[in-house]
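Working notes, structure below.
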Amino acid sequence: SHLLLTEPAPLAANQDDSTNDSSLRILLILCDLLNRELLLLIGWAKQIPGFSGLSLVDQMSLLQSGWMEALLVGVAWRSQGAGGDELVFAGNLCLDEAQCRATGLADLYEALRHLIAKYRAMKLSPEEVVTLKAMALANSDADPVDCPDSVQRFQDGLHEALQDYESSRREQHRAGRLLMTLPLLRQTADRAVQAFLRLHRHRHVPIHKLLLEMLDAKA
Amino acid sequence: TERHKILHRLLQDS
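So this is what it looks like as structure tokens:
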């Protein structure tokens with residue numbers, strides 16, 4: 006319930022009229038949105054119980070490793086609710102397969118559709134979504150870890166919350182099933198990072214400073 | 009932290 010309360014309201018995409026190239030325009034709008042989502046994510050992370058008790062080095066490491074996974078949980082959740090085959094980055098930024106292909110995000114589209122299908126089949130609840138997002142961050146396998154015991158306690162607290170929630174619903178296999186989706190989330194996030202780095206390096210798509218700093222940390 | 013100064017600053021802001 007604490008995570009549900011601290012979940013930020015979804016952002017809307019800002020329009021961009023700096024270019025006539027429609028594919029480039031979509032990418033500029035998307036990168037601007039992701040940059041603002043990152044800002045929110047960092048503020049949100051500080052409110053996860055146990056996060057602020059970690060050393061600053063570990064807070065940075067977890068965010069640098071797990072930020073894209075946490076953001077994609079949100080995209081997958083919004084897309085799952087939308088029903089169609091579009092990726093819902095924001096209420097006013099839904100990209101279909103053709104748009105993703107035209108913008109160089111075909112690989113990301115395919116990976117995210119797989120993840121969305123999996124979440125949709127599981128009929129995730131809002132409680133599960135926010136816990137999964139926090140767990141993706143806590144479980145980001147940052148290396149090296151400054152204080153392994155604190156990070157472990159942070160993970161244990163979230164795991165316990167998930168188990169308590171699922172046992173209150175009398176779903177004994179549910180926590181395990183959710184944890185088993187984390188490898189696909191990791192794999193999807195890696196493909197997303199590669200796609201944005203490729204767009205920046207090879208197609209010179211300008212990327213905001215914070216987003217670029219976080220992509221560089223993954224490169 | 010020099011390479012990741014925006015993240016560092018955001019985490020230190022209360």
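Residue numbers (my numbering), protein chains in the order written: chain A, 6 to 224; chain B, 9 to 22. Where a beta carbon is used, it is the ideal one built from N, C-alpha and C, also for glycine. Values in this document were obtained by computation on a predicted structure and should not be read as measured data.
Asked: Assigned exposure category for A:Gln64 - 16 Cβ within 10 Å defines buried; Found: buried
Asked: Rounded separation between A:Leu117 and A:Ala81 - CA only; Found: 7 Å
Asked: For A:His59, the three-state DSSP class (helix, strand or coil); Found: Residue identity check: residue 59 of chain A is Leu in the sequence provided, not His. Coil, per DSSP.
Asked: Classification of B:Lys13 by the beta-carbon crowding that lies within 10 angstroms, buried from 16 upward; Found: exposed
Asked: Inside the segment 119-161 of chain A only - alpha helix (DSSP H) runs reaching at least 4 residues; Found: 131-143
Asked: Contact the segment 90-98 of chain A vs the segment 174-187 of chain A: 3+ CB pairs below 8 Å; Found: no
Asked: Beta-carbon neighbours of A:Leu45, restricted to chain B and to distances below 9 Å; Found: The premise fails here: A:Leu45 is roughly 11 Å from chain B at the closest Cβ pair, so nothing lies under 9 Å.
Asked: Partner residues on chain B for A:Ala222, Cβ-Cβ distance less than 7 Å; Found: His12
Asked: Straight-line gap, B:Leu19 to A:Gly55 (C-alpha atoms, nearest Å); Found: 14 Å
Asked: Spatial distance of A:Gln177 from A:Glu171 (CA atoms); Found: 7 Å
Asked: Residues near A:Ile212 by beta carbon distance below 6 Å, same chain, minus five either side; Found: Cys36, His205
Asked: Within chain B, the residues that A:Leu215 reaches when beta carbons sit closer than 7 Å; Found: Ile14
Asked: Where the alpha helix (DSSP H) containing A:Ala107 begins and where it ends; Found: 102-107
Asked: Stretch pair the segment 162-171 of chain A + the segment 60-80 of chain A: three plus CB contacts closer than 8 Å; Found: no
Asked: Within 8 Å, strictly: CB atoms of A:Arg83 and A:Pro15; Found: yes
Asked: Neighbouring residues, chain D, relative to A:Leu61 (Cβ below 9 Å); Found: Looking at the structure shown, chain D is missing, and the protein chains on hand are A and B.
Asked: Delimiting residues of the beta strand (DSSP E) encompassing A:Leu16; Found: Segment: none, A:Leu16 is in no beta strand (DSSP E) and carries neither H nor E.
Asked: Coil, strand or helix - A:Ala224 by DSSP; Found: coil
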